[in-house]
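Chemist: Those letters in the sequence shown? Residues 32 to 306, per the numbering used here, in order.
In this text, a Cβ means the ideal position worked out from N, Cα and C, and glycines have one as well.
Values in this document were obtained by computation on a predicted structure and should not be read as measured data.
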Amino acid sequence: MSKDDLPAGDARRTVPRVFGGGALIGTLGGLIGLGGAEFRLPLLMGAFGFAGLEAVILNKAVSLVVVATALPFRARTVPLAEVAAQWPIILDLLAGSLAGAWIGAGWAVRLKSGTLHRVIAVLLVAIAVVLALWHDTAAHEPLLHGWVQMLAGAVGGFAIGIFASLLGVAGGELLIPTLVVLFGLDIKLAGSLSLAISLPTMIVGFARYSQDRSFAVLGRNRRFVLVMSVGSVAGTLIGGQLLGLVPNAVLLPLLAAILLVSAYKIWRHEEDAPA
Numbered sequence: 032m033s034k035d036d037l038p039a040g041d042a043r044r045t046v047p048r049v050f051g052g053g054a055l056i057g058t059l060g061g062l063i064g065l066g067g068a069e070f071r072l073p074l075l076m077g078a079f080g081f082a083g084l085e086a087v088i089l090n091k092a093v094s095l096v097v098v099a100t101a102l103p104f105r106a107r108t109v110p111l112a113e114v115a116a117q118w119p120i121i122l123d124l125l126a127g128s129l130a131g132a133w134i135g136a137g138w139a140v141r142l143k144s145g146t147l148h149r150v151i152a153v154l155l156v157a158i159a160v161v162l163a164l165w166h167d168t169a170a171h172e173p174l175l176h177g178w179v180q181m182l183a184g185a186v187g188g189f190a191i192g193i194f195a196s197l198l199g200v201a202g203g204e205l206l207i208p209t210l211v212v213l214f215g216l217d218i219k220l221a222g223s224l225s226l227a228i229s230l231p232t233m234i235v236g237f238a239r240y241s242q243d244r245s246f247a248v249l250g251r252n253r254r255f256v257l258v259m260s261v262g263s264v265a266g267t268l269i270g271g272q273l274l275g276l277v278p279n280a281v282l283l284p285l286l287a288a289i290l291l292v293s294a295y296k297i298w299r300h301e302e303d304a305p306a
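#1: State yes or no: is the C-beta of G67 within less than 8 Å of the C-beta of G60?
#2: Enumerate, from N- to C-terminal direction, the unbroken alpha helix (DSSP H) stretches of 4 or more residues contained entirely within the segment 196-258.
#3: Decide if R253 is buried, meaning its Cβ has at least 16 other Cβ atoms within 10 Å, or exposed.
#4: Return helix, strand or coil for N108, following the three-state DSSP convention.
#5: Which residues in the same chain as G236 place their Cβ atom closer than 6 Å to its Cβ, once the five residues preceding and following it in sequence are excluded?
#6: Tell me whether L65 sits in a helix, a strand or coil according to DSSP, three-state version.
#7: Should L89 and V248 be called a contact, given that it needs their Cβ atoms to be closer than 8 Å?
#8: As a quick exercise: from V186, L286, I120, T146, pick the residue whose alpha carbon is nearest that of E204.
#9: Closest to A99 by CA distance: which of V140, G266, A227 is it?
#10: Residues in the same chain with beta-carbon distance under 7 Å from A86, minus the five sequence neighbours each way, listed in chain order, please.
#11: Can you grab the Cα-Cα spacing for the pair S128 / I121, in whole Å?
#12: Could you check whether the segment 286-298 touches the segment 170-182, counting it as contact only if at least three pairs of C-beta atoms, one from each stretch, sit closer than 8 Å?
#13: At which residue ranges does the segment 110-144 contain complete alpha helix (DSSP H) runs of 4 or more residues, listed in the order of the chain?
#14: In this structure, how does DSSP classify E302 when only helix, strand and coil are distinguished?
#15: DSSP three-state label for L273, please.
#16: Judging by CA-CA distance, which residue of A82, K91, E113 is the nearest neighbour of G222?
#17: Check whether the Cβ atoms of L125 and P231 sit closer than 8 Å, and answer yes or no.
#18: Looking at G13: is its Cβ nearer than 8 Å to the Cβ of T209?
#19: Taking Cβ to Cβ, would you say A101 is nearer than 8 Å to G266?
#20: From the DSSP output, in three-state form, read off G187 for me.
#21: What number of angstroms, rounded off, separates the C-alpha of F255 from the C-alpha of A163?
#22: For V156, which of L198, R43, V49, G80 has the nearest alpha-carbon?
#23: Thinking C-alpha only, which one of R251, G202, L257 is nearest L224?
#24: In or out: F214 buried (at least 16 other Cβ within 10 Å) or exposed?
#25: Keeping to the same chain, check which residues put their C-beta closer than 8 Å to that of A78; ignore five residues upstream and five downstream.
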């Protein structure tokens with residue numbers, strides 16, 4: 032093992048590769064206003080050879096860092112006071128997402144490896160469909176009103192919490208369209224609200240994962256997580272600066288295609304590679 036290798040038991044996990052992978056995924060995420068965890072998970076399982084559940088836990092750890100730094104970074108565009116003013120919507124979605132995150136993480140640690148791979152593949156296909164259609168999402172009148180809207184928000188939050196825990200993602204690709212369509216919010220404000228909702232949701236899922244022995248993957252791969260987190264944050268900043276350079280009508284279907292290929296490869300994966 033060279034001095035550039037991370038002590039994670041795999042020669043592919045060198046500092047330049049891990050940092051570069053994190054930066055690339057972060058840049059893609061920054062370009063579309065997400066943390067990039069959707070694309071990081073296939074990278075962890077494919078290029079870096081982590082087993083399914085371990086990849087989900089590592090993805091959630093890096094995602095926590097990215098989400099925690101992204102909210103203050105966006106404060107110039109969307110002031111935190113404006114985000115806080117939407118506290119009823121935040122609490123409504125959190126009422127469902129916190130429970131969903133706990134349940135989703137519980138399912139993940141109990142699923143057999145092959146089943147988890149197939150669940151991940153199906154969810155990646157779902158994200159690909161959302162991304163392919165997302166460029167048509169625009170602010171308009173709320174879809175629902177009153178208690179029906181609040182109930183739909185809690186139920187939607189529950190489903191998103193499960194989804195986010197199973198993949199180790201922040202869930203912004205589902206939260207943002209929900210906030211725009213269901214509550215009629217501007218997409219920039221929706222992006223910041225999604226981060227405010229994602230952070231506690233991810234912490235709850237993380238707490239549930241900490242009760243499983245697979246959580247030890249973080250201890251064995253501390254430097255890996257640190258290097259990928261730094262690369263991801265740097266990439267997210269770069270992607271944010273490049274925002275608008277590539278039209279969403281071109282970028283999102285392209286990224287959706289990448290996810291579909293990743294989903295196919297994960298579905299076909301018969302056995303977990305040793306981490």
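Modeler: Put simply:
#1: Result yes, Cβ atoms of G67 and G60 sit closer than 8 Å.
#2: 203-214, 218-240, 248-251
#3: exposed
#4: One point to set straight first is that residue 108 is Thr, not Asn, in the sequence displayed. In the structure shown, T108 sits in coil (DSSP, three-state: anything other than H, G, I, E or B).
#5: A132, A136, S196
#6: Reduced to three states, the DSSP call for L65 is coil.
#7: yes
#8: L286
#9: A227
#10: L72, L75, M76
#11: 10 Å
#12: no
#13: 111-115, 118-141
#14: For E302, the pLDDT reaches just 44, beneath the cut-off of 50, and the residue's location in the model is therefore unreliable, leaving the point undetermined.
#15: DSSP places L273 in coil when its eight states are reduced to three.
#16: E113
#17: Yes, they are a contact pair.
#18: The shown model of the chain, from 32 to 306, leaves out residue 13, and the question about it has no answer.
#19: no
#20: helix
#21: Straight-line Cα distance between these residues: approximately 31 Å.
#22: L198
#23: Taking the Cα of L224 as reference, the smallest distance to any Cα among R251, G202, L257 is reached at G202.
#24: buried
#25: R43, R48, G52
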